[in-house]
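For reference, the structure discussed in these notes is given below.
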Amino acid sequence: MSTFEVHPVQEHLLEVKDLTTRFYTEEGVVYAVSGVSYIMDEGDTLGVVGESGCGKSVHALTMMRLIPIPPGKIESGEVLLQGRDLLKISEEEMRHVRGAQIAMIFQDPMTSLNPVLTVGYQITEALKLHQGMNERESQDRATELLDLVGIPEARQRLDDYPHQFSGGMRQRGMIAMALSCNPEILIADEPTTALDVTIQAQIIELVKRLRDKLGMAIIWITHDLGVIAGLAQRVNVMYAGRLIETGSVKMIYGTPHHPYTVGLLGSLPKIHREPGSKLYSISGEPPDLIGVSVGCPFMPRCTYAVERCREELPELELYETGHFVACWEKEKVSKLQ
Amino acid sequence: MLGKREGEQTAMSEENEVILRVEHLKKYFPIRRGVFRKVVGWVKAVDDISFNVYSGETIGLVGESGCGKTTTGRTIIRLYEPTEGKVSFQGVDLATISGRQLRQTRRKIQMVFQDPYASLNPRMSIMRIIGEPLEIYGVANGKEKKEHVSHLMHLVGLNPAVMNRYPHEFSGGQRQRIGLARSLALNPDMIICDEPISALDVSIQAQVINLMEELQEKLGLTYIFIAHDLSMVRHISRRVAVMYLGKIVELTDRETLYDKPLHPYSQALLSAIPVPDPIVEEQRQRIILEGDLPSPANPPVGCNFNTRCPRAIDICLEAEPDFVEVAPDHYCACYLVKSNG
Chain G
34 MSTFEVHPVQ
44 EHLLEVKDLT
54 TRFYTEEGVV
64 YAVSGVSYIM
74 DEGDTLGVVG
84 ESGCGKSVHA
94 LTMMRLIPIP
104 PGKIESGEVL
114 LQGRDLLKIS
124 EEEMRHVRGA
134 QIAMIFQDPM
144 TSLNPVLTVG
154 YQITEALKLH
164 QGMNERESQD
174 RATELLDLVG
184 IPEARQRLDD
194 YPHQFSGGMR
204 QRGMIAMALS
214 CNPEILIADE
224 PTTALDVTIQ
234 AQIIELVKRL
244 RDKLGMAIIW
254 ITHDLGVIAG
264 LAQRVNVMYA
274 GRLIETGSVK
284 MIYGTPHHPY
294 TVGLLGSLPK
304 IHREPGSKLY
314 SISGEPPDLI
324 GVSVGCPFMP
334 RCTYAVERCR
344 EELPELELYE
354 TGHFVACWEK
364 EKVSKLQ
Chain L
1108 MLGKREGEQT
1118 AMSEENEVIL
1128 RVEHLKKYFP
1138 IRRGVFRKVV
1148 GWVKAVDDIS
1158 FNVYSGETIG
1168 LVGESGCGKT
1178 TTGRTIIRLY
1188 EPTEGKVSFQ
1198 GVDLATISGR
1208 QLRQTRRKIQ
1218 MVFQDPYASL
1228 NPRMSIMRII
1238 GEPLEIYGVA
1248 NGKEKKEHVS
1258 HLMHLVGLNP
1268 AVMNRYPHEF
1278 SGGQRQRIGL
1288 ARSLALNPDM
1298 IICDEPISAL
1308 DVSIQAQVIN
1318 LMEELQEKLG
1328 LTYIFIAHDL
1338 SMVRHISRRV
1348 AVMYLGKIVE
1358 LTDRETLYDK
1368 PLHPYSQALL
1378 SAIPVPDPIV
1388 EEQRQRIILE
1398 GDLPSPANPP
1408 VGCNFNTRCP
1418 RAIDICLEAE
1428 PDFVEVAPDH
1438 YCACYLVKSN
1448 G
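Given below as structure tokens:
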């Protein structure tokens, strides 16, 4: 780095710092996301994995400022998109960011598509709004987009209503909508969970192709460790609202060092089963997130736990270059054989 | 064609006893239209399938949504009346018996459902849920019932002390254990498990699968394991049947199916499973199927996979391939697969 630079700050595409979201419910305070920080650069594909209730979706919705307030509250943190904090800008500006800079697709396309409007209307709406296109231009662009995501006879299909599309086609339609304004980041929240495996394979191929063609960064949220392995470069593992391990895919799958990651990978069925072998299973259940917990949230289920885990919360610490683990015993933890 | 299928499923090995024999089973649902609810067509949910289940084994039934795997399970146990075909369980034809005889046979086949939230009555305590079958069949009452229930809860790894609680107080994994305990109440020989782990978190799935295997070993149960998660099916099943649009397209033992699938649909389905290993994923060649599943109300003429099959030839568009034994204990319905036996 040049010595003449006064502020040698490298600007990242996305920098999430200490993001904390809570929900104030009648049952108590839900600590949904606690102190999540990470960085993404252009063209990165980040996988976010974890089980239900681990905060993976809420963290994305917080970035998009889509959580209902109240009961939700963003307690702290910054979401820097090219240096600009999304949590500080006006709702008006945020509306422009959504769709134009960060787009999001969801698990169930049927709930995100309006059933009484044609697919074409829903795609062109964003184009007219964000890009100031007229009817004709937006129609052409929408056709191009449907074509891009592999929907045959795109022009005619613009007049269809969502129910006339199959599940896989709806998800393609959603992707087309998400891409309509050339976003820099696409957040995909379990986009293939509701789909059959052969259709899931189609959608993943499509997203890979589009990523390489359009160069956008992707945050892919899922509980399926298999999907991420073939798609992402980096993986964030979340547990109880916290980021507990992050590293390149090869590190996370090859040499995981958090007992939860190790257990999660171990509980997946192997390709070749030894006769009589059992699946590894993590004992107990994920914690509910009501109320503050002291110590490591994984401690009650952890086979490596020591006294310190009960009292002190481990922070995400460097294990090796590019690999961070939040565990006091990380040196001792290794992948199951 | 029908004649040819008769007796084609010879026992895979003599010492194995056939517990369930499904022959040419069909289940069509009527499509009704208009004021008079006139039948205008049929959804062929299960269309002429045959297979045997051997005592003590786990047979996997896999396929995508709408392939008829759930309907198959429900028709076997006669939650749906079969349209045609025969289901014999321990020599008794389930499709024709009624009344008392049906009740007595049914207690030997139980079912575990996908959604542990929907399949347990929220107004009943765990004690009543698990104990209900005991009461209905007059097996046990009062104190004896309570003992029975507590034994069953113990068996599935639940603390009997919680038997007076209600389903909402339990997590998904625990509810599935409750469902299992209920299914075991009448000492069944066979359990049909319809997507028993699909609604559970990954770390809980392994717990339930291990429990099911333990119970199988302890009690000598036979499982029909219906699922769309192919890697879990591979883990638990001894033999696997792949279904597509109401038909079984391939049936063989686990190793053969996963190592050398013959039917183009099995091949595509298996290649579509994501493998949790980035190094394997990098080198993998996927068969990406074009298009979507056709509607079972209007299946394609000929082989019903021909609209998506990457290898379809002329004959596939004209006539339906027979489901034949292409190698010992390996059945497949495809013109491209030549018998080597």
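As you go down the protein sequences, you meet chains G and L in turn.
Quick note on this note's numbering: the first sequence kicks off at 34 and runs consecutively.
Quick note on this note's numbering: the second sequence kicks off at 1108 and runs consecutively.
C-beta: ideal position from N, C-alpha, C; glycine also.
- By the rule that beta-carbons nearer than 8 Å mark a contact, residue 1322 (chain L) does not touch chain G.
- The beta carbon of residue 62 (chain G) is closer than 6 Å to those of 55 in its chain, skipping five residues each way along the sequence.
- Collapsing the DSSP output to three states places residue 274 (chain G) in coil.
- Near chain G, meaning a CB-to-CB distance below 7 Å, the residues of the stretch 1361-1385 of chain L are 1375, 1376, 1379, 1380, 1381, 1382, 1383, 1384 and 1385.
- Classified as exposed, residue 1224 (chain L) has fewer than 16 neighbouring CB atoms from the shown chains inside 10 Å of its CB.
- Rounded to the nearest whole angstrom, the C-alpha separation of residue 134 (chain G) and residue 128 (chain G) is 10 Å.
- Between the C-alpha atoms of residue 326 (chain G) and residue 67 (chain G) there is a straight-line separation of about 11 Å.
- For residue 144 (chain G), the uninterrupted alpha helix (DSSP H) segment begins and ends at 142-145.
- For residue 1297 (chain L), the enclosing beta strand (DSSP E) has its first and last residue at 1297-1301.
- Within chain L, no C-beta atom comes less than 7 Å from the C-beta of residue 250 (chain G); the nearest is roughly 19 Å away.
- Of the residues L:1233, L:1174 and L:1411, the one whose Cα lies closest to the Cα of residue 1442 (chain L) is L:1411.
- Beyond the five residues adjoining it in sequence on each side, residue 1365 (chain L) comes within less than 7 Å, by CB distance, of 1341 and 1377 in the same chain, given in chain order.
- Contact fails between the stretch 309-319 of chain G and the stretch 1368-1382 of chain L, because fewer than three Cβ pairs, one in each stretch, are under 8 Å apart.
- For residue 1152 (chain L), the CB contacts under 8 Å within the same chain, skipping 5 residues up- and downstream, are 1134, 1135, 1136, 1175, 1178, 1353 and 1403 in chain order.
- Proximity of residue 67 (chain G) to chain L, defined by a Cβ-Cβ separation below 8 Å, is not satisfied.
- Chain L places no beta carbon closer than 8 Å to that of residue 209 (chain G), leaving this residue out of the contacts.
- Per DSSP, the beta-bridge partners of residue 52 (chain G) are G:69.
- Annotated three-state conformation of residue 1128 (chain L) is strand, per DSSP.
- Shown here for residue 344 (chain G): same chain residues with a beta carbon closer than 6 Å to its own, the five before and five after excluded, namely 328 in chain order.
- With respect to the 8 Å criterion, residue 298 (chain G) and residue 258 (chain G) are classified as neighbours on the basis of their beta carbons.
- Interface annotation for the stretch 1257-1281 of chain L against chain G: 1278 and 1280, criterion Cβ-Cβ distance under 7 Å.
- Put simply, the backbone Cα of residue 271 (chain G) is about 7 Å away from that of residue 81 (chain G).
- Cβ-Cβ separation between residue 1384 (chain L) and residue 262 (chain G): approximately 6 Å, consistent with a contact (criterion under 8 Å).
- DSSP, read as helix, strand or coil, puts residue 1137 (chain L) in strand.
- For residue 1283 (chain L), no CB of chain G lies under 8 Å from its own CB, so it is not counted at the interface with that chain.
- Secondary structure within the stretch 1351-1412 of chain L: the alpha helix (DSSP H) runs of 4 or more consecutive residues, fully enclosed, are 1361-1366, 1371-1378 and 1385-1390 (chain order).
- For residue 273 (chain G), not one C-beta of chain L is nearer than 8 Å to its own C-beta.
- Relative to residue 95 (chain G), the option among G:209, G:69 and G:201 whose CA is nearest is G:69.
- Collapsing the DSSP output to three states places residue 1148 (chain L) in a strand.
- Ranked by Cα distance from residue 1332 (chain L), the first of L:1355, L:1261, L:1211 and L:1165 is L:1165.
- Counting only the Cα atoms, residue 1265 (chain L) lies some 8 Å from residue 1281 (chain L).
- Residue 210 (chain G) sits close to residue 156 (chain G), with the two beta carbons spaced by under 8 Å.
- If you ignore the 5 residues before and after residue 1416 (chain L), its C-beta comes within less than 6 Å of the C-beta of 1371, all in its own chain and listed in chain order.
- Residues of the stretch 285-299 of chain G with a C-beta atom less than 9 Å from some C-beta of chain L are 285, 286, 287, 293, 296, 297, 298 and 299, listed in chain order.
- CA-to-CA, the gap between residue 1162 (chain L) and residue 198 (chain G) works out to about 44 Å.
- With fewer than 16 other beta carbons inside 10 angstroms of its own, residue 1389 (chain L) counts as exposed.
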